[in-house]
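Encoded as structure tokens, the structure appears first; notes follow it.
Protein chains in written order, with our numbering: chain A, 1 to 89; chain B, 1 to 371.
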């Protein structure tokens, strides 16, 4: 996961909230809760050029916190909110 | 991570609702006996098109992802498609609920061509004999014709929306098969004693044996069947919670805008007690959402009250506020359909049920019982 280059699906909207953010996918109508403001930063940094590891660095996520962030990113992948740049265009 | 739970985060309220229900009109061609909004006649003070567009612009700036449009019958409004188009153009998805009477083949084509749009057709029985005593004469045929029109137009997976009653619990498998035949999604929700439902609830709500049946059936079908998170009171029946957030979102993550712009905590509590303000107020909808006394109260930690001594409170959360209120029960006590049986004795000593703030029922006899 760490060396994958990912990007947000163009039909996904992010709405910041005190606990983090809401992510809504207009195509498949899925709603996901991003439960930390740093996770929002990570997702916003995934622009199709950075790797996951680089995006975690941008948000200053220390290695001890990475497992929970990777699990959250996996659920965003499973719901097609994140994907490979070629697949989401 | 020592994080508060998601449910705790949500109970203290969000900057904007996740979604909201907007009843576009009190006008309706039907007079369902369980209508939450006691609809029938159009209210002369209904929001104008311009006011509706203004509300949508505000919702867009608050980044509300989608609105649930209902009524009354929303397609009765002449500007129905203008409102839908205005929402979609601003990135607000529309999920709308209809009885299907105005869903002609031409309109089905138009709906099929609109992005970010979901349609749900209401149906409360697998045949006219079960459906029509609740929804009105001819309403079964109307709903099926609308489904055929959507299917013919290639709309894709529309929704079939059922309110579970004593008379249709046994048809759940049949509803699922009907939805599958259409390539549709089944949505089943809980009957509330709100609106005209206050008068029909006692003879329509599922028995305690049927409640167990519903819980098992919903667990078996998981996330394939939508429930609007409305059955969390059943979670006290077993170890496994039903899919969903399983909390009351009223005034915290959802709310209702009624046809004249009044804002209530949820679609099931159109009553002064739960009225937070109006979109016509100086601060608009966002002012109501953020500052109203009613919503602030709902976002404070709620007392478990009489339910505190019951070991199941964490599972059922004390049930539905609207169900308690409109059956005359205290809000910090058991749900009238408490699965541990605490509702029935409470109902015996309950006061008279509060009546709706506004009633737009037409002055015609309503089909009620088939017995």
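Where is the CB? At the ideal position from N, CA and C, for every residue including glycine.
Model, not experiment: these values are computed from the prediction.
Residue i burial status per 10 Å Cβ neighbour count (16 or more: buried)
i	result
residue 293 of chain B	exposed
residue 337 of chain B	buried
residue 180 of chain B	exposed
residue 323 of chain B	buried
residue 251 of chain B	buried
residue 242 of chain B	buried
residue 288 of chain B	buried
residue 291 of chain B	exposed
residue 73 of chain A	buried
residue 205 of chain B	buried
residue 362 of chain B	exposed
residue 214 of chain B	buried
residue 94 of chain B	buried
residue 254 of chain B	buried
residue 64 of chain A	exposed
Cβ pair residue i, residue j closer than 8 Å
i	j	result
residue 13 of chain B	residue 192 of chain B	no
residue 89 of chain B	residue 286 of chain B	no
residue 50 of chain A	residue 5 of chain A	yes
residue 335 of chain B	residue 271 of chain B	no
residue 92 of chain B	residue 22 of chain A	no
residue 158 of chain B	residue 184 of chain B	yes
residue 197 of chain B	residue 36 of chain B	yes
residue 31 of chain B	residue 136 of chain B	yes
residue 52 of chain B	residue 76 of chain B	no
residue 218 of chain B	residue 207 of chain B	no
residue 59 of chain A	residue 38 of chain A	yes
residue 8 of chain A	residue 82 of chain A	yes
residue 165 of chain B	residue 127 of chain B	no
residue 171 of chain B	residue 339 of chain B	no
residue 248 of chain B	residue 307 of chain B	no
residue 25 of chain A	residue 75 of chain A	no
residue 303 of chain B	residue 332 of chain B	yes
residue 138 of chain B	residue 112 of chain B	no
residue 15 of chain B	residue 19 of chain A	no
residue 33 of chain A	residue 6 of chain B	yes
residue 315 of chain B	residue 223 of chain B	no
residue 265 of chain B	residue 313 of chain B	no
As assigned by DSSP and simplified to three states, the class of residue i
i	result
residue 131 of chain B	helix
residue 19 of chain B	strand
residue 348 of chain B	helix
residue 71 of chain A	helix
residue 11 of chain A	coil
residue 11 of chain B	helix
residue 16 of chain A	strand
residue 25 of chain A	strand
residue 189 of chain B	strand
residue 238 of chain B	coil
residue 159 of chain B	strand
residue 277 of chain B	strand
residue 354 of chain B	coil
residue 84 of chain A	coil
residue 50 of chain A	strand
residue 95 of chain B	strand
residue 70 of chain B	strand
residue 282 of chain B	coil
residue 120 of chain B	strand
residue 223 of chain B	helix
residue 389 of chain B	As displayed, chain B neither begins before 1 nor continues past 371, which places residue 389 of chain B out of reach and without an answer.
residue 5 of chain A	strand
residue 6 of chain B	helix
Contacting residues, own chain, Cβ-Cβ under 7 Å from residue i (five flanking each side not counted)
i	result
residue 262 of chain B	275 and 278
residue 151 of chain B	182
residue 350 of chain B	327, 328 and 329
residue 42 of chain B	25, 26 and 27
Whole-angstrom C-beta distance between residue j and residue i, which should lie under 8 Å
i	j	result
residue 163 of chain B	residue 34 of chain B	6 Å
residue 24 of chain B	residue 72 of chain B	7 Å
residue 97 of chain B	residue 360 of chain B	Contact flag wrong, Cβ pair sits at about 17 Å.
residue 259 of chain B	residue 46 of chain B	5 Å
residue 103 of chain B	residue 149 of chain B	6 Å
residue 55 of chain A	residue 46 of chain A	5 Å
Same chain, Cβ closer than 8 Å to residue i, neighbours up to 5 away in sequence not counted
i	result
residue 22 of chain B	55, 67, 68, 69, 70, 256 and 257
residue 147 of chain B	100, 121, 158, 160, 182 and 184
residue 49 of chain B	79, 82 and 83
Other residues of its chain near residue i: CB distance less than 6 Å, five sequence neighbours each side excluded
i	result
residue 229 of chain B	244 and 245
residue 68 of chain A	none
residue 326 of chain B	193, 194, 198 and 353
residue 190 of chain B	230 and 231
residue 14 of chain A	21 and 23
residue 31 of chain A	24
residue 284 of chain B	58
Near the ligand NAD: residue i beta-carbon under 7 Å from a heavy atom
i	result
residue 336 of chain B	No copy of the ligand NAD appears in this structure; indeed no ligand is present at all.
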